[in-house]
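Everything on this sheet refers to the single structure shown next.
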Amino acid sequence: MPNNFLRGFWKVSWVETKVFMREPMGFIGTIAMPAIIFVVMGRAFGATRPAGALAGVTAISPPRFNVAILAAIVIAVGAVQSLVAIIAIYREGGILKRLRATPLSPVTILGAHVAVKLGFTVVSLALVVLAGRRLFPGVMQVNVFSFSAAVLLSTLSILSLGFVLASLVPTARFAQPIGAVVMYPMVALSGLFFPLSQLPRALQAVAYALPTTHAVALLQGVWDGSGWSAHWMNVGALGLIFVVFSALSTRVFRWE
Amino acid sequence: MAATLSQNPAGRRSVIAVSRLGKRYGKLVAVDDVSLEVREGEIFGLIGPNGAGKTTTMECVQGHRIPDTGTIAVLGLDPRRDANALRQRIGVQHQEAHLQKRIKVWEAVDLWASLYNRVTDGDALLARLGLDAKRDAWFMTLSGGQKQRLFIALALIHEPEVVFLDELTTGLDPQARRAIWDLVTGIRDRGATVFMTTHLMEEAERLCDRVAIIERGRIIEVGTPDELVRKHCPERSVVFTSDDEHVAERLRGMATVKLATSVGATHTIRGEGDDFVTAIIGYIANGGIRVRGFRTEIPTLEDVFLKLTGHTIRD
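Residue numbers (the working numbering), protein chains in the order written: chain D, 252 to 507; chain A, 695 to 1009.
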């Protein structure tokens, strides 16, 4: 029931946003860090970029490359590390149990966490784009609508994996290491660092089963201006992962 | 179920009716054939040691846990089937619960208030619970007693008809505990029914109109604290100091006295029944015996528990 879902949804989301921003390093670490890294890196590489690159010169502009990488990492960190830790802490502290004892629907409680993570991702990436437009005029021309849609799909897909992990971690103490054990290989195998074709076959299979791999391909493609049709496989994979992991997490999610 | 709303012998409406409740976790039997009734306007205490099945019973009644067997009615509703309707009418406080570390007191109250159809004024409620000065404080900065008072506020924000309190004062210092006790009697005095659990016998004795003693998932006795003490521990003792060397000997002659012993000038006289203490006072007064100190030793729920289970509640 949509009415049921919306009862408390905005309020819970807003409270979670405020609570997160009050964490030490909450704003800097989550929202501003990608933009700061982008600016620092962009300046370092941007200085060597030939001004007004000539037609025919096949140099990849570093800032352009960085945004897709940053987006993928921001999403993966938010969805896997941060979400898993928050859910584990809330479960251990009985916060989830207490919220469930209210008229809030369970979907609303978890939906608010999705909304908050999505919000942070969007704001931090918007900061990156704004900083980029200011510092490197001309190279940040991207279809904002299309890129946002890619960010949305990627985030939902990776978050659904995060919820399954959050269900599996036994205690809050394990959340950090388990999140790390999943996230680092996921990012490493995503094609950000080495081309997938250079991986051994077995690892390639693993890589294609992970949402980050498809998220990186889609984000990079959309950023570089290729259409969604060129990435229908990635879109399909992200959608499939979202559906499968969301369904799985409704079965295995533990409130206490 | 119409039967659950019938008048009980005390003439008060039954608010909670549990019949033959059973719940196991794997091989562990947490609750075994529990039946109980909570009456409108009373503070009912489920008392017993940790692991006796108090919380499991309470959570089944709240609808948060699915019983294996038995039936439950709360305000005439089924806690599972009518969960949504019931949530608007019951207030809960969980054992050892937390909130978000950095949520402010007013934010929590405001959030909870937004979830219910009908709510009381949050600021007035905080003032009544002595939390008005902490309105803008983060949850993590509150003391144990303040946290529990906030949880009481969250349980009361929608003026529920039934309030569930699970080990409300565990871990609090005596002063904070006393302050909480006053709040709990206040809840009853405003017309709500309270169903609480505790492993503190003193707390049960002070607060509860009726108690059920639960041991290894079974209810072994129900009644008012006074009734239970009279029934199971009728023995009374009078301890007094007197320089009259023969006083113990003389008292031993009384029919109601079971035992009289002396250590120096301190005399301990044991007997049974409500009239025992009066009889001894009468004897001392009539006999013109000069007494320097006088006290009575009357058994408590703690003694009842020991007698019924063979161990103390802290074992």
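Ideal placement from N, C-alpha and C gives every residue a C-beta, glycine not left out.
Where does residue i fall in DSSP's three states?
{"i": "Thr1003 (chain A)", "result": "helix"}
{"i": "Val387 (chain D)", "result": "Note on identity: in this sequence residue 387 (chain D) is Phe, with Val being the wrong assignment. Reduced to three states, the DSSP call for Phe387 (chain D) is coil."}
{"i": "Phe988 (chain A)", "result": "strand"}
{"i": "Trp506 (chain D)", "result": "coil"}
{"i": "Met890 (chain A)", "result": "strand"}
{"i": "Ser333 (chain D)", "result": "helix"}
{"i": "Ile311 (chain D)", "result": "Residue placement at Ile311 (chain D) is flagged as unreliable, the pLDDT there being 45, under the threshold of 50; a coordinate-derived value is accordingly withheld."}
{"i": "Ala954 (chain A)", "result": "strand"}
{"i": "His792 (chain A)", "result": "coil"}
{"i": "Val813 (chain A)", "result": "coil"}
{"i": "Glu966 (chain A)", "result": "strand"}
{"i": "Ile983 (chain A)", "result": "coil"}
{"i": "Leu376 (chain D)", "result": "helix"}
{"i": "Arg342 (chain D)", "result": "helix"}
{"i": "Pro301 (chain D)", "result": "Confidence in Pro301 (chain D) is poor, its pLDDT being 43 and thus under 50, which makes the residue's placement too unreliable to answer from."}
{"i": "Arg884 (chain A)", "result": "coil"}
{"i": "Val365 (chain D)", "result": "helix"}
{"i": "Arg258 (chain D)", "result": "coil"}
{"i": "Ile797 (chain A)", "result": "coil"}
{"i": "Ala949 (chain A)", "result": "coil"}
{"i": "Thr994 (chain A)", "result": "coil"}
{"i": "Ala959 (chain A)", "result": "coil"}
{"i": "Val393 (chain D)", "result": "coil"}
{"i": "Ala668 (chain A)", "result": "Nothing about residue 668 (chain A) can be reported from this structure: the residues present for chain A run from 695 to 1009 only."}
Report, in whole angstroms, the separation of the C-beta atoms of residue i and residue j, which I expect to be a contact under 8 Å.
{"i": "Ala873 (chain A)", "j": "Gly839 (chain A)", "result": "6 Å"}
{"i": "Val270 (chain D)", "j": "Ile797 (chain A)", "result": "5 Å"}
{"i": "Ser500 (chain D)", "j": "Ser448 (chain D)", "result": "About 32 Å; that fails the 8 Å criterion."}
{"i": "Pro354 (chain D)", "j": "Gln782 (chain A)", "result": "7 Å"}
{"i": "Val856 (chain A)", "j": "Ile741 (chain A)", "result": "So it is not a contact: roughly 18 Å between Cβ atoms."}
{"i": "Gly816 (chain A)", "j": "Ala807 (chain A)", "result": "5 Å"}
{"i": "Asn778 (chain A)", "j": "His893 (chain A)", "result": "No, Asn778 (chain A) and His893 (chain A) are not in contact; Cβ-Cβ is about 32 Å, not under 8 Å."}
{"i": "Glu734 (chain A)", "j": "Val768 (chain A)", "result": "Not confirmed; about 12 Å, so no contact."}
{"i": "Ala942 (chain A)", "j": "His961 (chain A)", "result": "5 Å"}
{"i": "Met434 (chain D)", "j": "Gln332 (chain D)", "result": "6 Å"}
{"i": "Gly442 (chain D)", "j": "Val467 (chain D)", "result": "5 Å"}
{"i": "Pro285 (chain D)", "j": "Leu376 (chain D)", "result": "7 Å"}
{"i": "Ile914 (chain A)", "j": "Leu1000 (chain A)", "result": "About 13 Å separates the two Cβ atoms, so there is no contact after all."}
{"i": "Arg984 (chain A)", "j": "Ser936 (chain A)", "result": "6 Å"}
{"i": "Pro357 (chain D)", "j": "Arg351 (chain D)", "result": "6 Å"}
Taking C-beta pairs closer than 8 Å, name the residues in chain A that residue i reaches, listed in chain order.
{"i": "Pro354 (chain D)", "result": "Asn778, Arg781, Gln782, Leu809, Tyr810"}
{"i": "Val270 (chain D)", "result": "Gln794, Lys795, Arg796, Ile797"}
{"i": "Arg452 (chain D)", "result": "Chain A residues near Arg452 (chain D): none, gap ~43 Å exceeds 8 Å."}
Using a Cβ cut-off of 9 Å, pull out every chain A residue sitting near residue i, in sequence order please.
{"i": "Lys368 (chain D)", "result": "Those within 9 Å of Lys368 (chain D) in chain A number zero; the least Cβ separation is about 15 Å."}
{"i": "Arg502 (chain D)", "result": "Simply none; closest approach about 16 Å."}
{"i": "Arg294 (chain D)", "result": "What Arg294 (chain D) touches in chain A: nothing, since even the nearest Cβ is about 34 Å away."}
Against residue i, what residues of chain D qualify as contacts under a CB-to-CB distance less than 8 Å, listed in chain order?
{"i": "Gln756 (chain A)", "result": "Ala352"}
Who are the neighbours of residue i on chain A, taking C-beta pairs under 7 Å?
{"i": "Arg273 (chain D)", "result": "Arg796"}
{"i": "Arg505 (chain D)", "result": "Within 7 Å Cβ-Cβ: nothing; Arg505 (chain D) doesn't reach chain A, min ~13 Å."}
Positions along the segment 317-346 of chain D whose CB lies within less than 8 Å of some CB in chain A: Tyr341, Gly344, Gly345, Ile346
Interface residues of the segment 787-818 of chain A facing chain C [CB-CB below 7 Å]: Absent here is chain C; the protein component of the structure consists of chains D and A.
Beta strand (DSSP E) runs wholly inside the segment 700-750 of chain A, at least 3 long, in chain order: 708-719, 722-733, 737-741
Segments of 4+ residues assigned as alpha helix (DSSP H) that fall wholly inside the segment 418-502 of chain D: 423-439, 452-460, 462-474
Contact set between the segment 253-268 of chain D and chain A, restricted to residues whose Cβ is under 8 Å from the partner: For the segment 253-268 of chain D, which is checked against every Cβ of chain A, the residues closer than 8 Å are Arg258, Gly259, Lys262, Val263, Val266, Glu267.
4 or more residues per run - each alpha helix (DSSP H) lying fully within the segment 909-940 of chain A: Unbroken alpha helix (DSSP H) stretches of 4 residues or longer found wholly inside the segment 909-940 of chain A: 919-926, given in chain order.
Contact set between the segment 424-437 of chain D and chain A, restricted to residues whose Cβ is under 8 Å from the partner: Against chain A - using a Cβ distance shorter than 8 Å - the segment 424-437 of chain D contributes no residues.
Ranges of the beta strand (DSSP E) found wholly within the segment 812-872 of chain A, counting only runs of at least 3: 856-860
Entirely enclosed alpha helix (DSSP H) segments - the segment 753-784 of chain A, minimum 4 residues: 777-781
Residues of the segment 378-390 of chain D whose Cβ lies closer than 8 Å to any Cβ of chain A, in chain order: Using a CB distance below 8 Å, no part of the segment 378-390 of chain D faces chain A.
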